[in-house]
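Student:
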Amino acid sequence: MNAIALLAAFSTILAAGFGGLTLLGRVQVRNLGEQLALSWLCGTGIVSFLIWALGFVIHGVSLFALVAIVCVTLPFVGWKMNGPSTFRFQPLRGLRTVELLLGTLLVVEIGLIFYVARLHTLGWDGLMNWEIKARYAFSNGGVLPAAYFRSESLSFSHSSHPLAIPFTELWLYFWLGEANQFWVKTIFAMFYAAGAILLAAISARLTGKTSPGLIVASLLLFIPQIAFDGESVTAGYADFPLSVFYLATIGYLLCACRSNDCQLFGIYAACLALLPWVKREGIILWLVAAVSGVFVVWRRKQSPARLLALLPGLFVIVVWRFYLLKVHAVSPHEFVPVSVANLLSNIHRLGPIVGAFLNEFAQTGPWSLFWLLIATGCGYFVRQYRDIRSLVFFFALFAPIAVYSFIFIFSNWPNYLAQVALCSSRMLTDIVPLSCLTVSVALASGSLQPTGLRKGGSTANTER
Amino acid sequence: MDGGETSSEGLAMTTYYRPRILADNQVSMLSANRDKADAACRPQQWPVSCLSFGSKLMKVPVVMRSYRFHTLAHILLWASLIAAFICVSAPRISRDVTKYSIHHISPFQSTNHFLYLATGVSGASEQLIALFDSLPSSKVILIVAREDDPPSTFLAETMAYLAWPHPLKIINITRLESELTATDPAAVAAFVLCRVNRPSSLPQGQHFGKLLEVIPLGTEAQR
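Protein sequence lines correspond, in order, to chains B and U.
Going by the working numbering, the first residue of the first sequence is number 35, and it counts up by one from there.
Going by the working numbering, the first residue of the second sequence is number 16, and it counts up by one from there.
1. Whole angstroms is fine: what's the gap from residue 469/B's alpha carbon to residue 106/U's?
2. Under a CB-based cut-off of 7 Å, is residue 183/U close to chain B?
3. Could you tell me the distance, in whole angstroms, from the CA atom of residue 165/B to the CA atom of residue 150/B?
4. Rounded to a whole number of angstroms, what is the C-alpha to C-alpha distance between residue 172/U and residue 188/B?
5. Please classify residue 189/U as buried or exposed, where buried requires at least 16 other C-beta atoms within 10 Å of its C-beta.
6. By a C-beta neighbour count over all protein chains shown, 10 Å radius and 16 as the cutoff for buried, is residue 301/B buried or exposed?
7. For residue 38/B, count neighbouring Cβ atoms within 10 angstroms of its own Cβ and tell me buried if that reaches 16, exposed if not.
8. Using a threshold of 7 Å, state whether the C-beta atoms of residue 463/B and residue 159/B are closer than that.
9. Report buried or exposed for residue 91/B, applying the criterion of at least 16 other Cβ atoms within 10 angstroms of its Cβ.
10. What is the C-beta distance between residue 178/U and residue 170/U, in whole angstroms, given that I count them as a contact (C-beta under 8 Å)?
11. Does residue 430/B come out as helix, strand or coil in the three-state DSSP assignment?
12. Whose C-beta lies closer than 7 Å to the C-beta of residue 205/U among residues of the same chain, with five residues either side of it excluded?
13. What in chain U is Cβ-close to residue 267/B, meaning under 8 Å?
14. Does the region 227-244 of chain B come close enough to the region 65-73 of chain B to have 3 or more Cβ pairs within less than 8 Å?
15. Could you give the distance in angstroms between the alpha-carbon of residue 506/B and the alpha-carbon of residue 315/B?
16. Using a Cβ-Cβ distance under 7 Å, would residue 170/B count as near chain U?
17. Output the distance between the C-alpha atoms of residue 477/B and residue 129/B, rounded to the nearest integer angstrom.
18. Quick one: does residue 131/U have its CB under 7 Å from some CB of chain B?
19. In or out: residue 200/U buried (at least 16 other Cβ within 10 Å) or exposed?
20. Which same chain residues, not among the five before or five after residue 248/B, have their C-beta less than 7 Å away from its C-beta?
21. Which residues, in order along the region 95-125 of chain U, keep a beta-carbon less than 8 Å from a beta-carbon of chain B?
22. Residues in the region 156-185 of chain U with C-beta within 7 Å of chain B's C-beta atoms, listed in sequence order?
23. Mind checking if residue 89/B is an interface residue toward chain U, Cβ cutoff 7 Å exclusive?
24. In whole angstroms, give me the CA-to-CA distance for residue 3/B and residue 455/B.
25. On a CA-only basis, which of 344/B, 259/B, 298/B is nearest residue 239/B? Give me that one, please.
26. By a C-beta neighbour count over all protein chains shown, 10 Å radius and 16 as the cutoff for buried, is residue 332/B buried or exposed?
27. Roughly how many whole angstroms lie between the Cα atoms of residue 396/B and residue 129/U?
28. Which of helix, strand or coil does DSSP assign to residue 228/U?
29. Out of curiosity, what's the CA-to-CA distance linking residue 51/B and residue 78/B?
30. Using the beta-carbon of each residue, which ones in chain U are nearer than 8 Å to residue 36/B?
31. So the candidates are 230/B, 152/B, 161/B; which of them puts its Cα closest to the Cα of residue 278/B?
32. To which residues of the same chain is residue 408/B closer than 6 Å at the C-beta, ignoring the five residues directly before and after it?
33. Any idea which residues DSSP pairs residue 183/U with across the strands?
34. Can a CB atom of chain U be found closer than 7 Å to the CB of residue 147/B?
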């Protein structure tokens, strides 16, 4: 019974995401896996935002039913707008044997993540930052009570974090009919699947070759911090889902750099809007991705109308801040207010903080040799893309880390380096899938078969 | 175009241009039936003689050999990097997979696991929720912990997680006395003591292991 409920919850999320994507514009023929991954990302955003927004007027069964109706309706609206091409996907016939084998390996790895998620418990933050909100909202008919935001004693659960993850969990609880710490972990395994598939898909679009992307996507499993660590995706932490949104945002922007494709830019805009809805750090990632988008529009002399893509994300940020003010949410105590006086008094911390972040890159415990691979791959990326894409990519890669480092200057912890040590690995997680593109570009630059020789349409959408 | 290169060996002393795509194609040219492939990727600037070697490796010009060397070096570099990456990760991953594994499935899988580690009691979440549910919902639950003891704080936060939707307050043991004098006893549903000793002023409560004690001050039924 639970499996059916789970299937229904996932199907409605995917339907909402699929419908939302089709509304972005005429559907370009996409790979089924890529479409599912994108639908998952957009679906979680749409469902969680709908639950929160509609929760102001209705709650309980009506809220659940209305959101479900919207989820089911969206694909039909998209179908009406775009015709039969809405449901047309790229066939797998053009894939070579090696690609099929790598694809199979990736599927097995995703299966392993689902299995391990079943065995592991939620991590501390997974339970106390995210699941707690879903549980409390579920016990209150789908609406987080204002008392929760105001409670000093519950401030450990970071009530000011946005609701994309908790309300996706809540959607699962609606279908299950109970709050359930066991089944909720499947959501994070779904994010892993979406991340791995998108990494392969974006790599293929960027390099024109499928195998390197599949190889890199398969390597994700071997990063302990990502896969099986106590703070990993199987422990219900939100950092990996955020990093998948960031990968999609910057990845599709890089693809749109070359082709001026409206739909790719539309996907960038959709994922950009959802960044601040996933986690508080998402605002920083939104800012970086927005600056990158503006830069691309300016340098490529694209229509200024594309800058409207920034508005949905801005809207999410403003509305959420306004809501927190309205419910008198307890402010987080981890940081002192950002001011010139505080900056000047704490500026001496910058060196040790940067040192601590650099030290984190060298940690083989959580990262193995991952950052060595990335450092090697960076050279290939620069050599391969001597244009705006390198600028955008490296800005998107390093700017978040620079901002994160800067923020710790305002740490309110007595031992600020302890806070850096606690958070740095999670913050680096935000750029992990994106940085993997360097490896796929490196692998593709030495690949054996040229793009133009591929059979079938498997590279039809590449953005070389 | 990446510019011209000159070969002193091979078919001819010819300056020819190496488009970027050639770097991707070098090995494919070594395979036997690649004529179609050659034609597809051949740039117009290339002399046909340089490309029509088919399977005859002897005719591969020096530049081609250089490409092959680069390809081989590239493959070796990345194969070693990836192999080293996997070798370093594998022990850690196999340890992590088993380290966090539990096979008990329940809606409270995680909190039960945490509470089992903290108190040694199995299925404590359900018992605690049943206890909290029996308390008047309008009254506050006071959770007492030690701020300087992380396990005590974690236990207190787990209690707060389970005690919802009761109004609740987490207080440090050092402030317990002042809190007791400031709080109307009639407004308190229960005290939860997390790794702290029970003050003599409070009656004995229900123990969950040695380190967690819940002192209900009046259940719904009693009320």
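For glycine and all other residues, C-beta sits at the position ideal for the given N, C-alpha and C.
Tutor: In short:
1. When rounded, the distance between both Cα atoms is 24 Å.
2. Using a Cβ-Cβ cut-off of 7 Å, residue 183/U counts as an interface residue toward chain B, since at least one Cβ of chain B sits closer than that to its own.
3. Near 19 Å, if we compare the C-alpha coordinates of residue 150/B and residue 165/B.
4. 8 Å
5. By the beta-carbon neighbour count (other beta carbons within 10 angstroms, threshold 16), residue 189/U is exposed.
6. Its Cβ being crowded by 16 or more others within 10 Å, residue 301/B is buried.
7. exposed
8. no
9. Exposed, since its Cβ has fewer than 16 Cβ neighbours within 10 Å.
10. Not confirmed; about 12 Å, so no contact.
11. When DSSP states are grouped into helix, strand and coil, residue 430/B belongs to the helix group.
12. The answer, listed in chain order, is 150, 156, 229, 230, 231, 232.
13. Going along chain U, no residue has its Cβ under 8 Å from residue 267/B, so there is no contact; the nearest lies around 12 Å.
14. yes
15. Here chain B comprises residues numbered 35 to 498, so residue 506/B is not present and cannot be evaluated.
16. yes
17. 18 Å
18. no
19. Exposed is the label assigned to residue 200/U, since fewer than 16 other Cβ atoms lie within 10 Å of its Cβ.
20. 133, 136, 137, 140, 234
21. 96, 97, 99, 100, 101, 103, 104, 105, 107, 108, 111, 112, 115, 116, 117, 118, 120, 121, 122, 123, 124, 125
22. Those would be 172, 175, 176, 179, 180, 183, 184, 185, in chain order.
23. No - not a single Cβ of chain U is within 7 Å of the one on residue 89/B.
24. Past the boundaries of the shown model lies residue 3/B; chain B is included only from 35 to 498, so the question cannot be answered.
25. 298/B
26. exposed
27. 31 Å
28. strand
29. Answer to the nearest angstrom: the Cα atoms are 7 Å apart.
30. Neighbours of residue 36/B on chain U: none; closest Cβ ~10 Å, over 8 Å.
31. 230/B
32. 469, 472
33. 156/U
34. no
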